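Number 200 in numbering that gives the first Met the number 0 belongs to position 201 of the sequence shown; there are no gaps in the numbering.
Heads up, the beta-carbon is just placed ideally off N, CA and C, and yes, glycines get one too.
Every value quoted in this text rests on a predicted model; they were computed, and no experiment measured them.
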Amino acid sequence: MEGREKVVNEFYAQYVEDNRLDRSRRGQMEFITTMHYIHQYLKPGMKVAEIGAGTGRLSIDLAKQGYDMTSVEYSDANFAKLQKNAEGIDNIRVLQGDAVNLHQLEDNTYDVTLLFGPMYHLYSEEDQLAALKEASRITKPDGKVFIAFISVYAIMYTNYLIEQCGDMRYGLEENYTEDYKVKHFPEQLFTGFDITEFEELVDKTPLKRIKTLATDGVIELVEIGNENFKLSEENFEVYKNYHLAMCEKRELLGSSNHLLVICDNQ
0 MEGREKVVNE FYAQYVEDNR LDRSRRGQME FITTMHYIHQ YLKPGMKVAE IGAGTGRLSI
60 DLAKQGYDMT SVEYSDANFA KLQKNAEGID NIRVLQGDAV NLHQLEDNTY DVTLLFGPMY
120 HLYSEEDQLA ALKEASRITK PDGKVFIAFI SVYAIMYTNY LIEQCGDMRY GLEENYTEDY
180 KVKHFPEQLF TGFDITEFEE LVDKTPLKRI KTLATDGVIE LVEIGNENFK LSEENFEVYK
240 NYHLAMCEKR ELLGSSNHLL VICDNQ
């Protein structure tokens, strides 16, 4: 085991992914926003694939709503939890696999494909394009592909300006070349993108971008940076509505940790 496989498996063997989207306000916002946009394109009876399903938070929710789900996960630890979480749900198929080679899945099969997670851990353009093209391949013509990615700017703010004692020099060395071009390599674990850089990557594939949006917005910057952060249910509801109204604004994208590109499959 080496490179990407080693880095990803070692991390998820000790990280609790199972309730990530529920245990913090930023996780809740990411889940709410993602499902809000997915449901704009779903119709009853559709077939949906989630590539990088983690432990199944989204897949299982969609399966319980009646959609025909296929869930693929790469890491050993998350896959074991996904299998357990999906027990007893008839309309979900669970597979272990790699986004860059979805050989278990047939061409032109899914109405909606969710590529959630793999782009965080793909470090070469070859692998990044392979994952995007595989998502396109398994999706029906005119189907929709949702692609999650991470902002390199939010990584700088939350990991280095706030969390790691303000060690911005280390953050710059990890994420940028000397002339401030974004870097990608396995030891980063989570790799971030410039928004235009990522959109241009998508444009090299058969996918046609519809929109790019922020799924958690600025709430991660506020929540991580303030150990006393609290948000009542009433205020969270107000913030949720504000965020959903603003999350497609171009000027706000880079401050969101997680982003989403929604595409038509050509």
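Quick one: using the 10 Å Cβ neighbour count with 16 as the cut-off for buried, is Ala12 buried or exposed? exposed
Going by DSSP in three states, Gln265 sits in which element: helix, strand or coil? coil
Helix, strand or coil for Asp141? Go by DSSP, reduced to three states. strand
Gly87 to Gly96, Cα distance in whole Å? 21 Å
Label Glu172 either buried or exposed according to how many other C-beta atoms from any shown protein chain fall within 10 Å of its C-beta, with 16 as the threshold for buried. exposed
Distance, His120 Cα to Ala62 Cα: 26 Å
Could you check the C-alpha separation between Met0 and Glu9 for me, to the nearest Å? In this predicted model, Met0 has a pLDDT of only 44, less than 50, meaning its place in the structure is not dependable enough to derive any value.
Report all residues from its chain with a CB closer than 6 Å to the CB of Thr211; omit the five preceding and five following residues, and keep chain order. Val260
Supposed contact pair Met34 and Ile218 - C-beta distance, whole angstroms, cut 8 Å: With a Cβ gap of about 16 Å, Ile218 and Met34 do not count as contacting.
Cβ pair count under 8 Å reaching 3, the stretch 177-185 against the stretch 236-250: no
Let me make sure I understand the geometry here. Which of Gly170, Cys246, His38 and Lys80 has the alpha-carbon closest to that of Leu113? His38
Going by other Cβ atoms of all chains shown within 10 Å of its Cβ, with 16 needed for buried, is Arg3 buried or exposed? buried
Residue interval of the beta strand (DSSP E) (run including Lys207): Leu206 to Ala213
Who are the Cβ neighbours of Asn18 in its own chain at under 6 Å, not counting the five residues just before and after it? none
Three-state secondary structure (DSSP) at Ser150? strand
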